[in-house]
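See structure below.
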Ligand SMILES: [Zn+2]
Ligand SMILES: [Zn+2]
């Protein structure tokens, strides 16, 4: 959801005209946004909006352009961005817990890890061999 939501400024979304991107003339203007007007989007934007060069649009309450999400993070998707970061961290923690359990148990008691059916067959087979040797 953090990826699919368009974080663009309200006026940029309202304009929604698909056409050639206007070229910014540095000799005319020092900044892309001056007095809450974006010369690239050609709309009035909010005071905290910033024009993202990667997305090529103004983003409301711009925080940063996220490379991992390939989307900008602004006021519209900031909470969703935080949720995705937290869920990724929780996922990493879960993998670390499971991996360290398997790693430690491998040295303490590896039979606990061998719960699959074929391990049971191997156990029976080994027992049969051990009994056979006793009988000899
Ligand atoms: Zn803009
Ligand atoms: Zn961006």
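In our numbering, the protein residues as written are 2 to 137. Glycine is no exception: its CB is placed at the ideal position from the N, C-alpha and C atoms.
Neighbourhood of residue i by C-beta, 8 Å cutoff - its chain only, sequence neighbours within 5 removed
i          : result
residue 71 : 4
residue 14 : 7
residue 42 : 10, 12, 13, 16, 52, 58, 59
Cβ neighbours of residue i in the same chain (closer than 7 Å, five flanking residues each side left out)
i           : result
residue 60  : 8, 9, 10, 50, 51, 53, 73, 75
residue 107 : 114
residue 40  : 25, 30, 33
residue 44  : 12, 13, 16
Beta-carbon proximity of residue i to residue j, cut-off 9 Å
i           : j          : result
residue 6   : residue 62 : no
residue 37  : residue 23 : no
residue 56  : residue 65 : no
residue 128 : residue 2  : no
Bridge partner(s) assigned by DSSP for residue i
i          : result
residue 9  : 60
residue 35 : 38
residue 67 : 72
residue 94 : Answer by DSSP bridge pairing: none, since residue 94 is not bridged.
residue 51 : 60
residue 45 : 38
Near ligand 3: residue i beta-carbon under 8 Å from a heavy atom
i           : result
residue 109 : Annotation note on ligand 3: not contained in the displayed structure, which lists ligand 1 and ligand 2 as its ligands.
>> Give me the pocket residues for ligand 2, defined as CB within less than 6 Å of any heavy atom, sorted by chain position.
In response: Taken from the N-terminal end onward, the list reads 53, 55, 56, 66, 73.
> Using the beta carbon as the reference atom, which residues fall closer than 7 Å to any heavy atom of ligand 1, ordered along the chain?
Replying inline: 13, 33, 34, 39, 41, 42, 46, 52, 58, 59
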